[in-house]
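Input: a single structure, listed below in structure tokens.
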Amino acid sequence: MPHVVYSKFWTGLTLIALVVSGSPVGCARLPYTTKTVYESKFVDVTLQRETSPAGYSHPAQFTADQVTAILQGFSLREQQRLPLRWFAEEQPPQRLLRDDEIMRVAAFLVDAFEKAGPDERVHFALAAPGKNRADTKTVTDGWMAIRGSKLYMTIEHFHAEIPMRRSDNYFPNNPQMAPLPGSFLLSFEPGRFWGADRQQEVWALDYEAYLKSATITRPVP
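See the structure below:
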């Protein structure tokens, strides 16, 4: 098995997912972190190697303004099963990232795409103080990748309440486990650039066409 280098920001979540699934850590077939591009208390950007050849168009060149324009277009809603789906579909999608969050992460995503290889994806995580500021943080995280003119995005957690781990991976007074990744329906505006990639059986953004026509609006600090 390859040597695994986990960012401290996400080691606890990864181990818990493996325990819940009943998979031994040593044999897990999960993407693993190969490089930490940036890590702080509230921002984490890493490169993750896919478990099989991905053929991504990495490294890829972006500017911070281009990444900002792309992130500003994404929104999402949580995917629900029937009958809850009927009620969820009537709720408008929520914006994926606020302007201040985009400002914090855009430059590090540019750096990550420049350093990524063809079998690596770019993982990001943004955190804020949780409801219980002493013990939790609210996290939005996911990953991005480029193949040709298409950009792929998957969100794993959205405003999820995550325990702030101690050395034993538990709260001192509330030993709850972190939530497993959720299932979300992503959308993008303008919608004509967001569509099904039948070859990959996922939805993707035609980012090259979008950036040719996009009006880039920088977030106000």
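Taken in order, the sequence shown gives residues 8 to 228; the numbers are from the working numbering. By construction, the Cβ of each residue, glycine as well, lies at the ideal position given by its N, Cα and C atoms.
Close beta carbons around residue i, own chain, < 6 Å, minus the five adjacent residues each side
| i | result |
| --- | --- |
| Y45 | V52 and F115 |
| A134 | F49, K144 and V146 |
| A113 | A71, V74 and T75 |
| R102 | S82 |
| K219 | none |
Cβ pair residue i, residue j closer than 9 Å
| i | j | result |
| --- | --- | --- |
| S76 | A221 | Rather than Ser, the amino acid found at residue 76 in this sequence is Ala. Yes, the Cβ-Cβ distance between A76 and A221 is below 9 Å. |
| D72 | I223 | yes |
| Y63 | S156 | no |
| A132 | H65 | no |
| T40 | L54 | yes |
| L83 | S194 | yes |
| W210 | G202 | yes |
| Q86 | L212 | no |
Residue i burial status per 10 Å Cβ neighbour count (16 or more: buried)
| i | result |
| --- | --- |
| R128 | buried |
| D148 | buried |
| G80 | buried |
| E196 | exposed |
| E208 | exposed |
| G29 | Note that G29 scores a pLDDT of 42, beneath 50, so its modelled location is shaky; the value from the coordinates is reported in the next line. Burial call: exposed. |
Close-in-space but distant-in-sequence residues of the same chain around residue i (CB under 8 Å, 5 per side omitted)
| i | result |
| --- | --- |
| Q68 | F120 and E121 |
| P186 | H164, A167, E168 and I169 |
| R111 | F49, V50 and L133 |
Residue span of the alpha helix (DSSP H) that contains residue i, given as start and end
| i | result |
| --- | --- |
| S220 | Y214 to S220 |
| Q79 | A71 to Q79 |
Own chain residues within Cβ distance below 7 Å of residue i, not counting five before or after
| i | result |
| --- | --- |
| P60 | D126 |
| R56 | P38, Y39, T41, D126 and E127 |
| S47 | none |
| I109 | T75, L78, Q79 and P226 |
| R36 | T58 |
| T161 | G149 and W150 |
| D200 | The sequence shown places Phe at residue 200, rather than the Asp named in the question. Correct list, in chain order: L212, D213, A216 and Y217. |
Run of the beta strand (DSSP E) containing residue i, from where it starts to where it stops
| i | result |
| --- | --- |
| K42 | Y39 to E46 |
| F195 | F191 to F195 |
| G202 | W201 to D204 |
| L54 | V50 to R56 |
is_contact[residue i, chain B] using C-beta, thresh 9 Å
| i | result |
| --- | --- |
| D126 | The structure shown contains no chain B; it holds only a single protein chain. |
| query | Taking the runs of the beta strand (DSSP E) that are 3 residues or longer, which of them lie wholly in the segment 106-160? | reply | Runs of the beta strand (DSSP E) inside the segment 106-160: 127-136 and 143-154.
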